[in-house]
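Q: Provided herewith is a single structure, encoded as structure tokens, for subsequent inquiry.
Protein chains: 2
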Amino acid sequence: MKAKVIVTLKNGVLDPQGKAIEGALSSLGFEGVNQVRQGKLFEIDLATSDADEARRDLSAMCDRLLANTVIESYRIELV
Amino acid sequence: MKAKVIVTLKNGVLDPQGKAIEGALSSLGFEGVNQVRQGKLFEIDLATSDADEARRDLSAMCDRLLANTVIESYRIELV
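So the protein lines, in turn, are chains A and B.
Under my numbering, residues 978 to 1056 are what the first sequence spells out, in order.
Under my numbering, residues 978 to 1056 are what the second sequence spells out, in order.
In structure tokens form, the structure reads like this:
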């Protein structure tokens, strides 16, 4: 079973990488960009085909490794 | 108008970061993880409300800055 895990900074957390991209886009002549925020995407291929088990495992992986839950939130999508 | 841009490595391109995450998950005791591949997500807030214009601008941003189209592919989602 394949899954996507999307990890994004929580609202209110400063995103210097996003700010740098905003600056770079502006230097390249792209106008009308109000805000950029960068997140991470993990495409994970799991051996299990049980959706509940996959979701439980993925939550644990996020809490323990993939996301820093103090400043990041995550979303799990089973494909 | 808000948009999401998802940048992922093309198939066949080696992903050392993904491999490292696989190793780390396995060390943490997570079994049954066949493969992990990491990608990037950009949440972009554009001033325009014209979907065609937004899509055109975002494509240009990907080609010029956000993605290395030699090894990465990108997907644009207007929200």
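Quick reminder that beta carbons are idealized off the backbone N, C-alpha and C, glycines included.
Determine the DSSP secondary structure at A1031 of chain A, reduced to helix, strand or coil.
A: Within the first sequence, the letter at position 54 stands for residue 1031 of chain A. Of the three classes helix, strand and coil, the one that applies to A1031 of chain A here is helix, per DSSP.
Q: Should G1016 of chain B be labelled buried (16 or more other beta-carbon atoms within 10 Å of its own) or exposed?
A: On the second sequence, residue 1016 of chain B is found 39 positions in, with the first residue counted as 1. Looking at its Cβ environment, which holds 16 or more other Cβ atoms inside 10 Å, G1016 of chain B is buried.
Q: Rounded to whole angstroms, what's the CA-CA distance from I998 of chain B to S1026 of chain B? Just pull it up for me.
A: Position 21 of the second sequence, counted from the first residue, corresponds to residue 998 of chain B. Position 49 of the second sequence, counted from the first residue, corresponds to residue 1026 of chain B. Taking the straight line joining both Cα atoms gives about 39 Å.
Q: Check A980 of chain A in the structure and name its three-state DSSP category.
A: For the purposes of this step, residue 980 of chain A is taken as the residue at position 3 of the first sequence. In the displayed model, A980 of chain A falls within a strand according to three-state DSSP.
Q: Consider the Cβ of G1009 of chain A: report whether some Cβ of chain B lies at a distance smaller than 8 Å.
A: For the purposes of this step, residue 1009 of chain A is identified with residue 32 of the first sequence, where counting begins at 1. True, the Cβ-Cβ gap to chain B drops below 8 Å.
Q: Of the choices B:S1004, B:G1000, B:V1013, B:E1020, whose alpha-carbon is the least far from that of L986 of chain A?
A: Reading the first sequence from its first residue, position 9 is the one you call residue 986 of chain A. Considering only alpha carbons, the answer is B:E1020.
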